Amino acid sequence: MSGKIIDGKEIANSIHESLKNEIEELKSKTDKVPGLAVILVGDDKASHKYVSMKEKACKKVGINSVVYRLDANTTEEEVLELIDKLNKDEDINGILVQLPLPNGIGEKKINANILPSKDVDGFHAVNTGKLFLGEEGFLPCTPKGIIKLIKSTDIEIEGKNAVVIGRSNIVGKPTALLLLRENATVTICHSRTRNLEEHIRNADIIVSAAGVADLVTETMVKDKAIVIDAGINFKDGKLVGDVDYINVKKKASWITPVPGGVGPMTIAMLLENTVEAFKKKWS
Ligand code: NDP
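Using our numbering, read the sequence shown as starting at 1 and increasing by one per residue.
Okay, here's the thing in structure tokens:
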């Protein structure tokens with residue numbers, strides 16, 4: 001048996017299509033389109049690439065994106081001033097500050113100053129608190145996309161053993177909370193976990209978000225597990241995830257490729273959150 005591929009690119013494209021239609025409808029009703037402001041500080045190559053991809057996706061669905069490319073010497077105060085301006089701007093429904101930020105600009109302070117109603121990345125404490133409490137708020141994009149990918153398989157999450165590898169605030173922890181919300185039994189693993197293999201072997205659903213190539217191998221994976229690979233690593237000049245894809249695919253029931261799995265969904269969820277923010281304001 002060989003696992004079926006969860007095609008994140010295709011799923012993301014169908015989300016883009018329905019968002020495009022929804023935005024056209026919203027435009028005809030309100031005479032406005034959703035607006036997303038993206039702040040990029042410094043010259044991190046990968047960040048520039050991610051921002052261009054987000055810009056392109058916005059254009060595709062009809063979201064007005066405004067990108068502020070600021071040089072690496074920009075001060076925290078200047079970024080906070082810009083956020084303040086964007087918080088007050090009625091044409092801007094979502095504000096995203098691309099991470100990582102250069103030294104001297106505090107991520108926590110930046111996130112705290114974005115209005116929770118415009119926090120389409122879902123990193124503000126109000127939105128993370130709502131996620132913790134099981135209340136409605138903006139969900140962080142990668143975890144939200146991961147749940148959609150699992151649901152696309154039509155395999156029920158409820159009652160399943162799920163293992164999340166990674167406990168960051170942006171991927172691991174929120175993914176674990178969302179799986180718990182779906183009534184999975186969730187184990188969170190991290191760099192201090194003993195017997196990682198044992199935990200993974202017990203899992204019906206594996207989400208890897210560690211950023212370590214070849215961390216999850218065939219022998220660790222239970223037959224017919226669903227394997228979601230959020231990792232982004234470079235190995236021998238090639239983009240790979242955390243999972244030994246070729247071999248794990250033989251055992252899994254469903255598996256995401258890298259690239260073309262979680263990545264496109266992260267962007268699709270950003271667009272979805274921006275449209276959600278627009279609707280909360282105007283309709
Ligand atoms: P972090 O570096 O913040 O977190 C990595 C987590 O993995 C930590 O909790 C760490 O444990 C854990 N970890 C590291 N090594 C091991 C190991 N050998 N065994 C078990 N756990 C381990 O990364 P992020 O959460 O920001 O991102 C995770 C991965 O996902 C990265 O590759 C990143 O590039 C990718 N990513 C992909 C996105 C997408 O859209 N596809 C979006 C965001 C991230 P500890 O806490 O103990 O240090």
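Even glycine gets a Cβ: it sits at the ideal position worked out from N, Cα and C. If you're wondering where the values come from, they're calculated on a predicted model, not measured in any experiment.
Counterpart residues of residue i in DSSP-defined beta bridges
i    : result
G35  : N64
V97  : I39
K4   : W254
N233 : V240
Close Cβ partners of residue i (< 7 Å) along its chain, the five nearest in sequence each way excluded
i    : result
T175 : P143, I146, V164, V207, A209
E22  : V275
Endpoints, the beta strand (DSSP E) within which residue i is located
i    : result
S253 : Per DSSP, S253 belongs to no beta strand (DSSP E) and is neither H nor E.
I267 : Element bounds for I267: not the beta strand (DSSP E) but the alpha helix (DSSP H), 262-282.
T185 : 185-189
Other residues of its chain near residue i: CB distance less than 8 Å, five sequence neighbours each side excluded
i    : result
G231 : S208, A209, A210, G211, V212, A213, L215, V240, G241, D242, V243, V258
I267 : A12, M53, K54, A57, C141
V248 : G3, V216, T217, E218, V221, V227, I255
E76  : G104, I105, G106, K109, I110
K279 : L26
R181 : G134
Collapsed DSSP secondary structure at residue i in the structure displayed
i    : result
R69  : strand
F132 : helix
I11  : helix
L239 : strand
D84  : helix
V227 : strand
V207 : strand
V79  : helix
V216 : strand
N169 : coil
N21  : helix
Other residues of its chain near residue i: CB distance less than 6 Å, five sequence neighbours each side excluded
i    : result
A37  : V66, L86, I92, I95
G35  : N64, D91, I92, N93
A184 : I157, K160, A162
L196 : C189
L70  : V41
Residue interval of the alpha helix (DSSP H) (run including residue i)
i    : result
V328 : Because the chain in this structure spans residues 1 to 283, residue 328 falls outside the shown range and cannot be described.
H199 : 196-201
G137 : Careful: G137 lies outside any alpha helix (DSSP H) and carries neither H nor E.
I110 : 107-113
Short CB-CB distance (under 9 Å) between residue i and chain D
i  : result
I6 : In the structure shown, chain D cannot be found, because there is only a single protein chain.
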